[in-house]
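Using the working numbering, read the sequence shown as starting at 28 and increasing by one per residue. Please read the structure below before turning to the comments.
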Amino acid sequence: MKKRKVWRVLLSVLLGLTVLFIWSNSLRGREASSEQSGWVLQFLQGILDSLGISLTLTVHFVRKAAHFTEYFLLGVQVALYGCVVTGVNRRRVWDMCCAIGGVAFLDETIQIFSQRGPAIADVWLDMAGGAVGLILCFALYFLIVSCRRKKRRG
28 MKKRKVWRVL
38 LSVLLGLTVL
48 FIWSNSLRGR
58 EASSEQSGWV
68 LQFLQGILDS
78 LGISLTLTVH
88 FVRKAAHFTE
98 YFLLGVQVAL
108 YGCVVTGVNR
118 RRVWDMCCAI
128 GGVAFLDETI
138 QIFSQRGPAI
148 ADVWLDMAGG
158 AVGLILCFAL
168 YFLIVSCRRK
178 KRRG
């Protein structure tokens, strides 16, 4: 029981920090956001170039990949919380999806106040990233549970 409480606290703090990170990026103004995206673009392009991969990235791609990646990680964390702390059933999975959607919706709403245009397409992209994170984490969880059950039987 104590182990579950420790996991609950750790995962709650991690989830909170992740949401704060996501929302803090939306609080950045246009110039700061563009500067950050430009830095990430140069960093990633340098990695591709050093590996000899002839692919040219764009700022648009970097921005959209960042949206997807942030929410993918959020989806993994939410799924871990469900698997380790609360358990998994249809109702809880629905609640997890709604929580990710709510974070995405508020994320775009925050951009109104930072003089950046909110985009419904970004909400869908965020939710897709979260869904992929949830699905992959749940798939791994159920695979592990299934393997453990087979070991106990056999």
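A virtual CB, placed ideally from N, CA and C, is assigned to each residue, including glycine. Computed from a predicted structure; not experimentally measured.
Counted within 10 angstroms of its Cβ, other Cβ atoms place residue i as buried (16 or more) or exposed
i	result
Ala59	exposed
Gln69	exposed
Val150	buried
Asp153	buried
Glu97	buried
Ser81	exposed
Ser53	buried
Ile127	buried
Val89	buried
Sequence-distant residues of the same chain with beta carbon closer than 6 angstroms to residue i, five excluded per side
i	result
Arg143	Arg57
His94	Asp149, Leu152 and Asp153
Beta-carbon proximity list for residue i, same chain, < 7 angstroms, skipping 5 on both sides
i	result
Ala146	Glu135
Residue span of the alpha helix (DSSP H) that contains residue i, given as start and end
i	result
Gly109	Neither: Gly109 is in no alpha helix (DSSP H) and is coded neither H nor E.
Thr45	Lys29 to Leu54
Own chain, CB closer than 8 angstroms to residue i, minus 5 neighbours either side, in chain order
i	result
Val46	Leu101 and Val130
Given 8 angstroms, three or more beta-carbon pairs between the stretch 94 to 109 and the stretch 159 to 171: yes
Three or more C-beta pairs below 8 angstroms linking the stretch 29 to 42 and the stretch 104 to 121: yes
Start-end ranges of the alpha helix (DSSP H) lying completely within the stretch 63 to 144, minimum 4 residues: 86 to 108 and 117 to 140
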